[in-house]
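Q: Each protein sequence line maps, in turn, to chains A, B, C and D. The opening residue of the first sequence carries number 5 in my numbering; numbering runs sequentially from there. The opening residue of the second sequence carries number 5 in my numbering; numbering runs sequentially from there. The opening residue of the third sequence carries number 5 in my numbering; numbering runs sequentially from there. The opening residue of the fourth sequence carries number 5 in my numbering; numbering runs sequentially from there.
There are 4 protein chains.
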Amino acid sequence: MNFASDTTAPAHPAVIEALAAANSGNASSYGADDITTRLKQLLSETFETDDFDFWLCASGTASNALALSVMCSPIGAIACHEEAHIERDERGAPEFFTGGAKLRLLPGHGAQIDEAALRAALARNDPSFVHETPLETLSLTNLTECGTSYPVETIQHFSALAQESGLNVHLDGARLANALASTSATPAEMSWKAGIDVLTLGLTKTGAIGCEIILLFGDMRANFETLKARAKRSGHMPPKMRYLAAQAEAMLTDGLWRQLAENANRKARDLANLLCARPGVSLAYPIDGNEVFAILTPEIEAAVKGAGVKCYPWPGGSYRFVCSWATPEADLDAMRALLAEA
Amino acid sequence: MNFASDTTAPAHPAVIEALAAANSGNASSYGADDITTRLKQLLSETFETDDFDFWLCASGTASNALALSVMCSPIGAIACHEEAHIERDERGAPEFFTGGAKLRLLPGHGAQIDEAALRAALARNDPSFVHETPLETLSLTNLTECGTSYPVETIQHFSALAQESGLNVHLDGARLANALASTSATPAEMSWKAGIDVLTLGLTKTGAIGCEIILLFGDMRANFETLKARAKRSGHMPPKMRYLAAQAEAMLTDGLWRQLAENANRKARDLANLLCARPGVSLAYPIDGNEVFAILTPEIEAAVKGAGVKCYPWPGGSYRFVCSWATPEADLDAMRALLAEA
Amino acid sequence: MNFASDTTAPAHPAVIEALAAANSGNASSYGADDITTRLKQLLSETFETDDFDFWLCASGTASNALALSVMCSPIGAIACHEEAHIERDERGAPEFFTGGAKLRLLPGHGAQIDEAALRAALARNDPSFVHETPLETLSLTNLTECGTSYPVETIQHFSALAQESGLNVHLDGARLANALASTSATPAEMSWKAGIDVLTLGLTKTGAIGCEIILLFGDMRANFETLKARAKRSGHMPPKMRYLAAQAEAMLTDGLWRQLAENANRKARDLANLLCARPGVSLAYPIDGNEVFAILTPEIEAAVKGAGVKCYPWPGGSYRFVCSWATPEADLDAMRALLAEA
Amino acid sequence: MNFASDTTAPAHPAVIEALAAANSGNASSYGADDITTRLKQLLSETFETDDFDFWLCASGTASNALALSVMCSPIGAIACHEEAHIERDERGAPEFFTGGAKLRLLPGHGAQIDEAALRAALARNDPSFVHETPLETLSLTNLTECGTSYPVETIQHFSALAQESGLNVHLDGARLANALASTSATPAEMSWKAGIDVLTLGLTKTGAIGCEIILLFGDMRANFETLKARAKRSGHMPPKMRYLAAQAEAMLTDGLWRQLAENANRKARDLANLLCARPGVSLAYPIDGNEVFAILTPEIEAAVKGAGVKCYPWPGGSYRFVCSWATPEADLDAMRALLAEA
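1. When you measure from the CB of Asp223/C to every non-hydrogen atom of the ligand COA, does any distance come out below 7 Å?
2. Just the chain A side, please: which residues come within less than 9 Å of His2/D by C-beta, in chain order?
3. Once the 5 residues before and after Thr152/B are set aside, which same chain residues still bring their CB inside 7 Å of it?
4. Can you give me the start and stop residues for the alpha helix (DSSP H) that Ala62/B sits inside?
5. Taking the alpha carbon of Val202/A as the point to measure from, which residue in Ser143/A, Ala88/A and Lys244/A has its own alpha carbon closest?
6. Between the C-alpha atoms of Val4/A and Gly29/B, what's the straight-line distance to the nearest angstrom?
7. Let me confirm a value: Tyr247/A is counted as buried when at least 16 other C-beta atoms fall within 10 Å, else exposed. Which label applies?
8. Would you decide whether Asn267/B is buried or exposed? Buried here means 16 or more other CB atoms lie within 10 Å of its CB.
9. I'd like the list of long-range same chain contacts for Thr50/C, defined as Cβ closer than 7 Å, with 5 residues on each side in sequence excluded.
10. For His174/A and Ser48/A, what's the separation of their Cα atoms in angstroms?
11. Could one say the Cβ of Ile79/D lies closer than 8 Å to chain B's Cβ atoms, at least one of them?
12. Name the residue from Asn277/A, Lys244/A and Thr210/A whose alpha carbon lies nearest to the alpha carbon of Thr331/A.
13. For Gln251/A, count neighbouring C-beta atoms within 10 Å of its own C-beta (all shown protein chains included) and say buried if the count is 16 or more, exposed if not.
14. Residues in the same chain with beta-carbon distance under 7 Å from Thr12/D, minus the five sequence neighbours each way, listed in chain order, please.
15. How about the region 87 to 100 of chain D and the region 125 to 138 of chain B: do they share at least three Cβ pairs that are nearer than 8 Å?
16. Which residue marks the beginning of the alpha helix (DSSP H) containing Asn269/B, and which one marks its end?
17. Distance cutoff 8 Å, beta carbons only. Does Glu99/D sit that close to anything in chain B?
18. Entirely within the region 22 to 101 of chain D and at least 3 residues each: give me those beta strand (DSSP E) ranges in chain order.
19. Just the chain D side, please: which residues come within less than 7 Å of Arg92/B by C-beta, in chain order?
20. What does Gly104/A touch in chain C if you count any residue whose Cβ is under 7 Å from its own?
21. Straight-line CA distance for Val74/B to Phe228/B?
22. Please report whether the beta-carbon of Ala71/B lies at a distance below 8 Å from any beta-carbon of chain C.
23. Assign Arg128/B to one of two classes, buried (16 or more other C-beta atoms within 10 Å of its C-beta) or exposed (fewer than that).
24. Examine chain A for any beta-carbon lying closer than 8 Å to the beta-carbon of Lys232/D, and answer yes or no.
25. Kindly list, in the order they appear in chain C, the residues whose Cβ is closer than 9 Å to that of Ala31/D.
26. Count the other CB atoms, across all protein chains shown, that sit within 10 Å of the CB of Thr41/B; report buried if there are 16 or more and exposed otherwise.
27. Given a threshold of 16 other Cβ atoms within 10 Å of its Cβ, counted over all protein chains shown, does Ser188/B qualify as buried or as exposed?
28. Is the region 218 to 238 of chain A touching the region 269 to 288 of chain A, taking contact as three or more C-beta pairs under 8 Å?
29. Starting from Ala66/B, find everything on chain A with Cβ-Cβ shorter than 9 Å and list it in chain order.
30. Anything in chain D within Cβ reach of Ala62/C, meaning under 7 Å, just list it in chain order.
31. Locate the beta strand (DSSP E) running through Lys106/C, then write down its first and last residues.
32. Could you spell out where the alpha helix (DSSP H) holding Thr158/D opens and where it closes?
33. Using a C-beta cutoff of 8 Å, does Asn129/C count as contacting chain D?
34. Going by DSSP in three states, Thr16/B sits in which element: helix, strand or coil?
35. Would Asn27/D and Ala15/C be called neighbours here (beta carbons separated by less than 8 Å)?
36. For Val308/A, name the three-state secondary structure that DSSP assigns.
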């Protein structure tokens, strides 16, 4: 029973097949290959716009940090939730890539930014006061680190607030597919139509080997050449780019990414139902994606630990269980049996 | 006829097979998987030592820069050849990863550092003079950017000179396999036995999709935890590390990397022979690996361009032709025919 | 009536006299002059130890950031109060000088770190967890940004807690003289005897033109050469160093700095008494130095504003009034008259 | 006999008097004081234009690096002479302040950039080639590090070449007054009229304690707010700014800076004449300012060393003798006597 992370799962077979198919003949380096060209069209259809540029990157941490490095200057600050991945899990990557920008941490339940806190931070922001570092960027995350999803309306609302204060808006979409699946929003509705300037679209946790897409929308396209130079400089411009493009193409074709996310989400709901059927077990946060944060009873906790179930204790007292496209039904069955015995 | 670069070639089929084989079941993230464990043993055999730590990285640029970032402080300098890849082709990655160290450029024919220039730079180096940035590291490249190979003795000699002056020594081995193949040296002889402290071992140009190995030898192992943190921070700690390890394992098993390099080297020699058989054509540098730098006659130049042969004009007036494991014999035949007609 | 800041005051005449006295003949550059040599002895007496190195710097921001840059690596974090000067008033200088380290913000009343919050941060700190940036340094401030003073015992206690967790400890002493004056502690008791590894001793706000002293105690002296190189690199190694040394000497000789601080503190107490004599006016924080944070009634607020009294509205609803060595008695008299009329 | 450096000299008495005069009453911090306001007008007259912004800085190294940090991005390069102060004597400050830009070193006699080398570097520059760091800025120095002066026409010519290639142009004027004195050019002719975008005007070596002025001309004024934020962040925004402004005002009033430079230049010429009167002694470079680079005979060298004359051996075999406004005639007389005896 492995619910440790969606990154312990293998890649979907279609991804491996795509790599094998891509592995033929010469291809121009650094993105000038045929697959990357096709991918542009596929992204255009997926996001219902031509007004974007994109960059492929094997790393989620680098994708976020590269995106932020063209959105926030070294003398600016980025507002984000205090539990955001860019704050908690990226070892200072935003500070490194931006050349020393600051993260300004905002509170809020379920890893979603509290609106009052956001409004207060924006109201206090004074770019003309040279002594304190002013906010230049708002970074949202969807799914959040607590597995919850902002509704499209909230993203739109927060983006509008930020933009009124002169900030641009980044969306960390490492698990965007899961949020799209649970909210029934389209990629366009959850990104540029909601005011997102730069999206980091994750496919790794959804089912790729290592493949994320940075999308610059509208005015942000002016920073595309800088983004590429920064990608080069940080080792995120692979010569054999076609293999990243092949992963992305496999995932986006015929909506595979979304199907895999729906599958993972369904398993998470099933798991949550199993857990909550036990008296005293409750959810710390609603299930908006493929993650379950459950507050266990001492008996259930002991049983879970005793059986060696892989899951993470989470700050606040809950346990995090993550499902992926590859979570076997057998793991859910075993969990059902374990809970029945506990 | 494509002699543009060894990075336009596909990966060797064994690499794709290894990815497919690795794509089964869950695996711990960030290098705690079985394949990475096996790889340690394989590297130990390859380099005839246990006294090393290693890190896998998809990018050659990042591998060099990460290596240098644990070898040189932000207030130090790195001596390298003025045509070195870290100076010419990495968009300031060493400066970025080190936090602002300087590269001190040394001249020398065939992209090999001139011994007198190295001695002069070392003699002039004064770490106690606070105003000028002192050398902390010597970075060598083998194969060099001109396709030549330092003999093992020279690497040993230069390392000793550097270490007498308190510098540590880095080897950029993006095409190390080609150098090993042409000099018949062992990996150990060309690295730690020759005084190399940190080796960046490239497998991408040799036949992988994107896979390099940073090896820290001996005392440098004290910097391994820092290296990992810097890898994390720069987006070079992929969660699904097993796919990098699988590439490395496929390449190193049974000496595949060396066979592929020998194959590429042989094609380069064949190509050089074809070219030099033409009156007036000469080599700018000796052929020590898989690259040919040829000075063409106007007629040959016109024929090559007319036929759309992919190759690069090089500073100094020559053209660079690169062969890879995948260069088809048909391309050599076509070149023979082209030259016969010219 | 100017209570805007102690930095709007002029320098003490003794400082100008010292500059004039220093302005004779040649002097070796970069600290090799006679005055700097004498200053070492004076600091030794002031701090009752020979086990220190020091560096002179015209800027408080740079002094803090330079100190932190030899205490915290680019991949580490610095714990400080959420209202600390290094967070709120230095435009990202710590991030810049360290090469991208993070500040971890801790709450607490009166700009003093809450012990429970410090303990929690230390308990949660896990340098072996590569994904999150671990704490390497604790930075305290005394006087704090709210004009309060940590007792020596608290500094000692917090230092011990931090050092048990492997952190080193920095003290931002931009207004240390004021804290010493109000607590009757000696410089040694408030610094190295209390476990402080690096002290930034401010003399600018106390009465110099622009002069701070970074003191490295004990084991931290191993970083002195690095500190000097970083000072050089950031433009904080003035060739005509004698003029900084002259300021420091003038201030420290015969305890002038302490007398000036006592003078400023007394005026702040007098001002507080004037304000608190008015019904409804209260202090937001105790007066431990030369700053008064008063919560005014609407009438008093109107009177103060109407008279153009220079003071700052402070987050939380109070007003900050700062006294300096040069605050004229006439300003206090005028304030008394103003309050009497209000 | 002290010819070590113009930074070993004291400040001119007028500077000390100006500090004393400034030391009265409160003054707004951070440049909002009366003296700084007056200085704007004085600079306007000195440079015959209103189309500029300026920043005061105590450090020459920081002034150069701050200037370059708003002229060159972290992913760009700065062309300069291989012996330039920013390369040889600032411990990587440009790399630090820019966030990792590179210096591209150009050769040339007498520390003046060779025109052919400049043209070649510009011709080779290709900002669209993402792999190599493109030039964004040309940095000139006048006086150069060898004491020679570019004629105004050359500065104008080099600026035009650089700007045709899209570069902006910086002038390091640490000894600009000496160059102006020897060429009879006006400050305007040597700066904005010659195409200089940003000038670092040094007054420290001319006779101040520590005072440089960064001037942004024309379109570069758009970067002034960024310059201020970067100055703040690097500790170069002193609260008591009036004391920097007072130094600058004293130096610029009634052309004092120029008189002091003329005085120093004359002494250098006198010294050179004394030296060259000796058979076998020659000048390594022409005397265009206050520095003499002389190639001594063994006898003279022995005599100079024997008498403890302070001067520096220089790369290339000469000795550097620097005169300042304060060099006593007695030192020249003593030198005359020494040479007569040798």
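Glycine residues also receive a C-beta, built at the ideal position from the N, C-alpha and C atoms.
A: Here's the rundown:
1. You won't find the ligand COA in this model; it holds no ligand whatsoever.
2. Residue 2/D lies beyond the residue range present for chain D, which begins at 5 and ends at 346; the question has no answer from this structure.
3. What you label residue 152/B is simply residue 148 of the second sequence in a count that begins at 1. Here the set comprises Gly114, Ala115, Gln116, Tyr289, Pro290 and Asp292.
4. Translated into positions along the second sequence, residue 62/B becomes position 58. No alpha helix (DSSP H) holds Ala62/B; DSSP gives it neither H nor E.
5. By one-based count along the first sequence, residue 202/A stands at place 198. Taking only the C-alpha atoms, the option nearest Val202/A is Ser143/A.
6. This structure cannot settle anything about residue 4/A, because the visible part of chain A is limited to 5 through 346.
7. Stepping through the first sequence from its first residue, residue 247/A is reached at position 243. So Tyr247/A counts as buried.
8. Against the second sequence, residue 267/B aligns to sequence position 263. Asn267/B should be labelled buried.
9. Residue numbering aside, residue 50/C sits at position 46 when the third sequence is read from its first letter. Pro191 and Leu256, listed in sequence order.
10. What you label residue 174/A is simply residue 170 of the first sequence in a count that begins at 1. What you label residue 48/A is simply residue 44 of the first sequence in a count that begins at 1. Roughly 19 Å between the two C-alpha positions.
11. Taking the fourth sequence and counting its residues from 1, the one referred to as residue 79/D is at position 75. At least one chain B Cβ lies under 8 Å of Ile79/D.
12. As a first step, residue 331/A must be located in the first sequence, where it is residue number 327. The option with the nearest alpha carbon to Thr331/A is Thr210/A.
13. On the first sequence, position 247 is the one that residue 251/A refers to. Buried is the call here.
14. Position 8 of the fourth sequence, counting from 1, holds the residue named residue 12/D. Here the set comprises Asn6.
15. yes
16. Translated into positions along the second sequence, residue 269/B becomes position 265. Per DSSP, Asn269/B belongs to the alpha helix (DSSP H) from Leu260 to Cys280.
17. Position 95 of the fourth sequence, counted from the first residue, corresponds to residue 99/D. Glu99/D counts as touching chain B.
18. 56 to 61 and 81 to 85
19. For the purposes of this step, residue 92/B is taken as residue 88 along the second sequence, with counting starting at 1. Glu136, listed in chain order.
20. For the purposes of this step, residue 104/A is taken as the residue at position 100 of the first sequence. Within 7 Å Cβ-Cβ: Gly96, Glu99, Phe100 and Gly104.
21. Counting from 1 along the second sequence, the entry for residue 74/B is found at position 70. Counting from 1 along the second sequence, the entry for residue 228/B is found at position 224. Val74/B and Phe228/B: Cα-Cα distance of roughly 8 Å.
22. Here residue 71/B is taken as the residue at index 67 of the second sequence, counted from 1. Answer no: the Cβ-Cβ gap between Ala71/B and chain C never drops below 8 Å.
23. Locating residue 128/B in the second sequence gives position 124, counting from the first residue. Arg128/B should be labelled exposed.
24. The sequence position of residue 232/D within the fourth sequence is 228, counting from 1. Output row for Lys232/D: interface = yes.
25. Within the fourth sequence, the letter at position 27 stands for residue 31/D. Correct list: Thr12, Ala13 and Pro14.
26. The count along the second sequence starts at 1 and reaches residue 41/B at position 37. Its Cβ having fewer than 16 others within 10 Å, Thr41/B is exposed.
27. Taking the first residue of the second sequence as position 1, residue 188/B is located at position 184. Counting Cβ neighbours within 10 Å, Ser188/B comes out exposed, since fewer than 16 surround it.
28. Touching, no.
29. Locating residue 66/B in the second sequence gives position 62, counting from the first residue. Those are Ser238, Gly239 and His240, listed as they occur along chain A.
30. Translated into the one-based positions of the third sequence, residue 62/C becomes position 58. Simply Ala62 and Pro242.
31. Taking the first residue of the third sequence as 1, we reach residue 106/C at position 102. Lys106 to Leu110 is the extent of the beta strand (DSSP E) around Lys106/C.
32. Within the fourth sequence, the letter at position 154 stands for residue 158/D. Val156 to Glu168 is the span of the alpha helix (DSSP H), which, as asked, contains Thr158/D.
33. For the purposes of this step, residue 129/C is identified with residue 125 of the third sequence, where counting begins at 1. Any Cβ of chain D closer than 8 Å to the Cβ of Asn129/C would place that residue at the interface, and such an atom is absent.
34. As a working mapping, residue 16/B is identified with position 12 in the second sequence. Before going on, a small fix: residue 16/B reads as His here, not Thr. Note: His16/B maps to coil in three-state DSSP.
35. What you label residue 27/D is simply residue 23 of the fourth sequence in a count that begins at 1. What you label residue 15/C is simply residue 11 of the third sequence in a count that begins at 1. Yes, the pair counts as a contact, with Cβ atoms nearer than the cut-off.
36. The residue you call residue 308/A lines up with position 304 of the first sequence. Annotated three-state conformation of Val308/A is helix, per DSSP.
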